[in-house]
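Shown next, in structure tokens, is the structure this report addresses.
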Amino acid sequence: MIVTTAQLFKHAYGKYAVGAYNINNAEQAMGLFKGAIDSQAPFIIQISKGARKYTDKKMLEAIIRAADEIFPEAIFAVHLDHGDEETCYDCINSGFYSSVMIDASHDPFDQNVAITKRVVEAAHKKGISVEAELGMLGGVEEDIKVEEGNACLTDPDEAQEFVKLTGCDSLACAIGTSHGAFKFKGKQSLHFDVLQKIKDRLPGYPLVMHGSSSVPQDEVARINAAGGQIKDSMGVDVNEYLPAAKLGVTKINIDTDGRLVWTRVHREFFRDKPGDFDFRPAGKIFIDEYAKFIASRNKLLGSAGQLEGVRASLG
Ligand code: G3H
Ligand code: 13P
Ligand code: ZN
Numbered sequence: 004m005i006v007t008t009a010q011l012f013k014h015a016y017g018k019y020a021v022g023a024y025n026i027n028n029a030e031q032a033m034g035l036f037k038g039a040i041d042s043q044a045p046f047i048i049q050i051s052k053g054a055r056k057y058t059d060k061k062m063l064e065a066i067i068r069a070a071d072e073i074f075p076e077a078i079f080a081v082h083l084d085h086g087d088e089e090t091c092y093d094c095i096n097s098g099f100y101s102s103v104m105i106d107a108s109h110d111p112f113d114q115n116v117a118i119t120k121r122v123v124e125a126a127h128k129k130g131i132s133v134e135a136e137l138g139m140l141g142g143v144e145e146d147i148k149v150e151e152g153n154a155c156l157t158d159p160d161e162a163q164e165f166v167k168l169t170g171c172d173s174l175a176c177a178i179g180t181s182h183g184a185f186k187f188k189g190k191q192s193l194h195f196d197v198l199q200k201i202k203d204r205l206p207g208y209p210l211v212m213h214g215s216s217s218v219p220q221d222e223v224a225r226i227n228a229a230g231g232q233i234k235d236s237m238g239v240d241v242n243e244y245l246p247a248a249k250l251g252v253t254k255i256n257i258d259t260d261g262r263l264v265w266t267r268v269h270r271e272f273f274r275d276k277p278g279d280f281d282f283r284p285a286g287k288i289f290i291d292e293y294a295k296f297i298a299s300r301n302k303l304l305g306s307a308g309q310l311e312g313v314r315a316s317l318g
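Every number in our numbering is 3 more than the matching position in the sequence shown, counting from 1.
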């Protein structure tokens, strides 16, 4: 059942984080739904601009509608990840999305405010909520690469002002994470001090953490043992998800880790069966492995076991 992102946030706030997972194809959708049901968790499906272009935006909608029928127990929201203004309007007008993200975080503050405000106005007319971003994560997202030196943490005072000026429903904050598989050099922690200050200025307000993949080192080792060359990768400490959730982080975005599962499964499969060319056996393994991964992440986010509570809260 597709619900609003606001309904999921209301149940989760301050207790656990809802996992927001990107999908691009049917196998990812199957693994995601299976893992969510296995762990009895609500979730958010994210569709990026790149995902909408990969096959066709209509294809992903159809896959999600089909998955909803295959897994009638599931409770989830559908979200546009890292949208520009034009894509936000397209999703708002499609009638399919629960929420959109307008990402004007690379623009100066005033411009970010102006763009976000326009999107909020259009979205709220249709009952859709809006995630915006303030501060800048490092790493690569879509076609934008932010060098580490240019990444900057969200200023708590600016965050308060930004929410007041724009009326956005949730805010993606930069608190030390970055997109992709190369987040830190050496071990680093989230900036809980900054997060605490943002929460103090925006009590009860849902915050979002992008770039939250953990980049499991055993996964990377298996990929490299099967011919991959992923070097110096590093992710977020999974034990920091729940403490962040208690400080208002209500949505945690995980995409890269799913790509690593896909890469490991397929590299190992074709390494071990070099004569095979039917992609379905490998695809089947991926669906099961991705389902296990999703269930494991939902446990760490605290969303596992919340499904019935969410259902009851919907009235
Ligand atoms: O933050 C970006 C997400 O990981 C989506 O990646 O734009 O390559 O689909 P993508
Ligand atoms: P990761 O690259 O850490 O998976 O982050 C995903 C993300 O933030 C999607 O918006
Ligand atoms: Zn992101």
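Idealized CB from N, CA, C, for every residue including glycine. Quick caveat, the model's predicted, so the values are computed rather than measured.
Residue pairing by DSSP leaves A20 without any beta bridge partner. At a Cβ-Cβ threshold of 7 Å, N256 and H213 count as neighbours. DSSP places I131 in no beta strand (DSSP E); its state is neither H nor E. With respect to V241, L198 sits apart: the two C-beta atoms are not nearer than 7 Å. Going by beta carbons, A135 and L174 fall inside the 7 Å limit. Residues of the same chain with a CB within less than 7 Å of the CB of A29, apart from the 5 flanking positions on each side, are I66 in chain order. At least one heavy atom of the ligand ZN sits closer than 6 Å to the Cβ of H213. Between the ligand ZN and the CB of N256, the shortest heavy atom gap is smaller than 6 Å.
Note on geometry: alpha-carbon atoms of L310 and I40 lie some 8 Å from one another. Under the three-pair Cβ rule at 8 Å, the region 255-275 counts as touching the region 209-225. In terms of CA proximity to I201, L250 leads the group T8, L250 and A77. With contacts defined by Cβ atoms closer than 7 Å, I95 and V6 do not form a contacting pair. Taken through DSSP and simplified to helix, strand or coil, D87 comes out as coil. Comparing alpha-carbon positions, the option among G261, S101, A70 and A125 lying closest to F289 turns out to be G261.
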